[in-house]
Amino acid sequence: MMTQNKRSISRALTVTLISTVVAVSVITVTLIYHTISQRAKAQLEEKADEYIISLAGVLEIPLWDLDERNIIRTGQAFTQNELVEMLKITNSMGDVYFDFKRESQAPLVSRTRKILHEGQFLGNVEISLTTKYDTEINRQLLLSGMGTLSVVILVLVVATGFLLRMLLNKPLDCLAEIANAYASGRYDPSGYDMLFLEFQPLVGALAEMGDKITSQMTELRNAEKKYRGIFENAVEGIFQSIPEGRFLNVNPSMARILGYDSAEELIENIADIGQQLYVNPGQRETFIQQMRDGKTVSGFHVQMYCKNRRIVWVSLHARPVLNENGQLLLTEGILEDITEPKRVEAERIKLEDQLRQSQKMETVGLLAGGIAHDFNNLLTPILGYCELLIAGFPEEDPRRQKLQHVWQAAERAKDLTHRLLAFSRKQMIELKTVDLGALIRQFESMLRRTIRESIHIEVRISPSIGLVRADARQIEQILINLSINAQDAMPEGGTLTIEAADIDLDESYTSSHPEIAPGAYVMLAISDTGVGMDEETMEHIFDPFFTTKELGRGTGLGLSTVYGIVKQHGGSISVYSEKNQGSIFKTFLPRTVTEGAMIEAIEPLPDELAHGDETILLVEDNEMVRMLACTMLQSLGYQVIVAENPDQCTKLAGEHKSPISLLLTDVVMPGMNGRDLFDRLRLSLPDLKVLFMSGYTSNVIMHHGVVDEGMHFIQKPFSMHTLSQKVRHVLVS
0 MMTQNKRSIS
10 RALTVTLIST
20 VVAVSVITVT
30 LIYHTISQRA
40 KAQLEEKADE
50 YIISLAGVLE
60 IPLWDLDERN
70 IIRTGQAFTQ
80 NELVEMLKIT
90 NSMGDVYFDF
100 KRESQAPLVS
110 RTRKILHEGQ
120 FLGNVEISLT
130 TKYDTEINRQ
140 LLLSGMGTLS
150 VVILVLVVAT
160 GFLLRMLLNK
170 PLDCLAEIAN
180 AYASGRYDPS
190 GYDMLFLEFQ
200 PLVGALAEMG
210 DKITSQMTEL
220 RNAEKKYRGI
230 FENAVEGIFQ
240 SIPEGRFLNV
250 NPSMARILGY
260 DSAEELIENI
270 ADIGQQLYVN
280 PGQRETFIQQ
290 MRDGKTVSGF
300 HVQMYCKNRR
310 IVWVSLHARP
320 VLNENGQLLL
330 TEGILEDITE
340 PKRVEAERIK
350 LEDQLRQSQK
360 METVGLLAGG
370 IAHDFNNLLT
380 PILGYCELLI
390 AGFPEEDPRR
400 QKLQHVWQAA
410 ERAKDLTHRL
420 LAFSRKQMIE
430 LKTVDLGALI
440 RQFESMLRRT
450 IRESIHIEVR
460 ISPSIGLVRA
470 DARQIEQILI
480 NLSINAQDAM
490 PEGGTLTIEA
500 ADIDLDESYT
510 SSHPEIAPGA
520 YVMLAISDTG
530 VGMDEETMEH
540 IFDPFFTTKE
550 LGRGTGLGLS
560 TVYGIVKQHG
570 GSISVYSEKN
580 QGSIFKTFLP
590 RTVTEGAMIE
600 AIEPLPDELA
610 HGDETILLVE
620 DNEMVRMLAC
630 TMLQSLGYQV
640 IVAENPDQCT
650 KLAGEHKSPI
660 SLLLTDVVMP
670 GMNGRDLFDR
680 LRLSLPDLKV
690 LFMSGYTSNV
700 IMHHGVVDEG
710 MHFIQKPFSM
720 HTLSQKVRHV
730 LVS
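Structure representation (structure tokens):
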């Protein structure tokens, strides 16, 4: 009887179990291997895409600038990464700037990208990343899996009974859970209870594989954290925005520059960048249009509103991000706060303009003063002899009328030279303590008779106005010139306002007005409601001979005269005006605490000629002026000793036996000035008095045009009446 061959259940179960375990293990390992391989491959391809895009962006500007050094430096920086197997950078002509290649047989993930700048092709960049590290990891995982599988099969063969009957299901279930966990991205098998040592090699292999994956993920997170740190801590504002006007992302510095507490607040509150942030929304449209054109923007200066509506200057640097159709997806850029540099630059330009204006006025003043000096010497004999000739003809004589026309023309020329001297600060002034308020009140009645009735005059004087050191006649000249100027600005009528008050100027004011020092001043302001001026006109109003009036209706010296008088008094003048809004001129004269009599009125000279019989020593190097002065003095009854230079004067004075009462001398002469001559003569003539004459101020007897204490001075050209009164005043003083 033949024994029927039957299959052993144990063997069948063992074979089945082993087959099942093998199948499950193979599937698990294959699944894990395939999952990890595919993930590693996808990550490597993503990294290749990221690297090639980054390289194209980084190399755009160096290739455009042909900056080979930065191109090579960029290539070297990227090849420090062990993943980079090959990197090649070429220009549009195919010339190679950088070529790097490692010797490896592993498969590569390669990417090539064109480098464009504003649509222009600059070159190519090609990069290849090696798969050898991923392949090695996968190989080790596979070997570990195969090793584990072999161990499991061996254990199953040895302990089939117990394992098959009682303990097989739980480990297999646990193994399935581990496989599922790895497939789900959880790489820690230590949380699973594996009762048998035979499974530990598999668990160890899985743990090792999980550790490697975790390490790689940690490195990626650290890299992301590094770049996030740069983004969060940058001093400049960094932003991403869409063309429709919203921010996608901003860093904290961007929020800080615009006055917001956080980046989230800025993103939530700004729905339209152009309308909410830009002071000039049209600039936002210009900016976006350049982005749509694919252009990189650098140094785009605009004004933006902060959260509290404060305005800041910012500089934008941005690049467009376009889709494959060339349409603008978003804008990435940097925003820099340049408010302070803008303020400093504006202040520098303002100070430079003020310096140029001051230098121009000084140069023109020197020229005007020199011309006036020579012109005065010419006018002196013309006016003097006309006056003498007129006095010699009866009223009905037609020759007298013709001479009067000559005299009037010369008087106008004399007034012109006085204005030039005033502008150039070369006019003689006598400073005394003046109550400016009283002077204005005295001037008011005369002004009301002078100004047209269609103009309403308002005078506002502070009750406790301080005193100033000034020449009262010159202050009246300021009032007259500025009032006439205001009248001319109101052809249809209006309001002329004269104000005077004390004012203290501190450094916060004088820092932006360097022409005046901090201190106590009396402000004299004259304003009108007339046609006003534009900025270009205001830049030239103090220039001599500048006028906006019709030809023949003004000399253009009124305001320049005011400017010179104010400067000669150590003060400052400013003007503010707008077209059709009127003008206001403010003069600041130094306030004084000097005790003494206050000059409230200007006493006119007597109308009659003053005569005498004293002996006068006349010294003048200009022959025509010398002859005229001699003739005038003799006609007034004086005995005159005439000298043409200081040496001759000294000789004649020594030879003259009778007393000499007065020295009438020019200030500036060849060899010796008038003051030194007077000091020399006083040694032998202690009672001698002196009257200086000149057409130009000189530091010999005055400083900055102010006559020294105790000095008597007569300005050329002078009339016979003025000369007679001055000589008499000095002789009896």
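Once you know that position 645 of the sequence shown is 644 in numbering that gives the first Met the number 0, the rest is easy, because the numbers rise by one and skip nothing.
Note that beta-carbon positions come from the ideal geometry of N, C-alpha and C, so glycine has one too.
Computed from a prediction, not measured in an experiment: that's the story for all the values here.
Under DSSP, the beta-bridge partners assigned to Ile713 are Met692. Residue nearest to Glu235 within the set Ile256, Pro242, Lys224, Ser582 is Ile256 (criterion: CA-CA distance).
Assignment of beta-bridge partners to Arg318 by DSSP yields Glu331.
Residue range 246-249 is occupied by the beta strand (DSSP E) that includes Phe246, with no alpha helix (DSSP H) assigned at that position. Between the alpha carbons of Thr217 and Asp48 lies a gap of roughly 21 Å. Straight-line spacing of the CA atoms in Ile88 and Tyr96 works out to 6 Å.
Membership of Ala519 in the beta strand (DSSP E) is indicated by the continuous run 518-527. Taking C-alpha positions only, Arg308 is separated from Tyr277 by approximately 11 Å. Residue pairing by DSSP places Asn90 opposite Gly122 in a beta bridge.
Counting every other CB atom within 10 Å of its CB across the protein chains shown gives Met692 a total of 16 or more, marking it as buried. According to the DSSP assignment, Glu457 belongs to the beta strand (DSSP E) that extends over 454-460. Take the alpha-carbon of Pro490 and the one of Tyr575: they are about 20 Å apart. A straight line joining the alpha-carbon of Leu402 with that of Thr721 spans about 19 Å. The way I'd put it, the stretch 111-119 doesn't touch the stretch 133-142; fewer than three beta-carbon pairs between them come closer than 8 Å. When the Cα atoms are used, Gln441 and Arg447 turn out to be separated by approximately 11 Å. Taking all protein chains in view, the Cβ of Arg342 is surrounded by fewer than 16 other Cβ atoms within 10 Å, so the residue is classified as exposed.
The three-state reading of DSSP puts Pro280 in helix, counting H, G and I together. For the pair Gln567 and Thr560, the Cα-to-Cα distance works out to about 11 Å. Phe230 and Gly56 have their C-alpha atoms spaced approximately 18 Å apart. For Gly492, no beta strand (DSSP E) encloses it, and the DSSP letter there is neither H nor E. For Ala233, there is no enclosing alpha helix (DSSP H), as DSSP marks it with neither H nor E.
The Cβ atoms of Lys46 and Leu82 lie closer than 8 Å to each other.
Assigned with DSSP and collapsed to three states, Arg309 falls in coil, not helix or strand. Following the DSSP letters along the chain, one finds Phe587 inside the beta strand (DSSP E) bounded by residues 582-591. According to DSSP, Glu498 shares a beta bridge with Arg459, Ala524. Between Met522 and Ser582, the gap from beta carbon to beta carbon reaches 8 Å or more. When rounded, the separation of the alpha-carbon atoms in Val124 and Ile60 is 14 Å. When DSSP reads this structure, Gln239 sits in a beta bridge with Asn248, Glu331. With respect to Val313, Met303 sits close: the two C-beta atoms are nearer than 8 Å. Restricting attention to beta strand (DSSP E) runs no shorter than 3 residues, the stretch 655-694 encloses them at 661-665, 688-693, ordered along the chain. Rounded to whole angstroms, the separation of the alpha carbons of Cys385 and Asp396 is 15 Å. Within the same chain, Asn375, Asn376, Leu378, Thr379, Val624, Met692, Ser693, Gly694 come within 8 Å of Lys715 by CB-CB distance, once the 5 residues on both sides are set aside. Rounded to the nearest whole angstrom, the C-alpha separation of Tyr562 and Ser723 is 32 Å. Inter-residue distance for Pro242 and Glu264 is about 20 Å (C-alpha atoms, whole angstroms). Between the alpha carbons of Lys225 and Asp292 lies a gap of roughly 33 Å.
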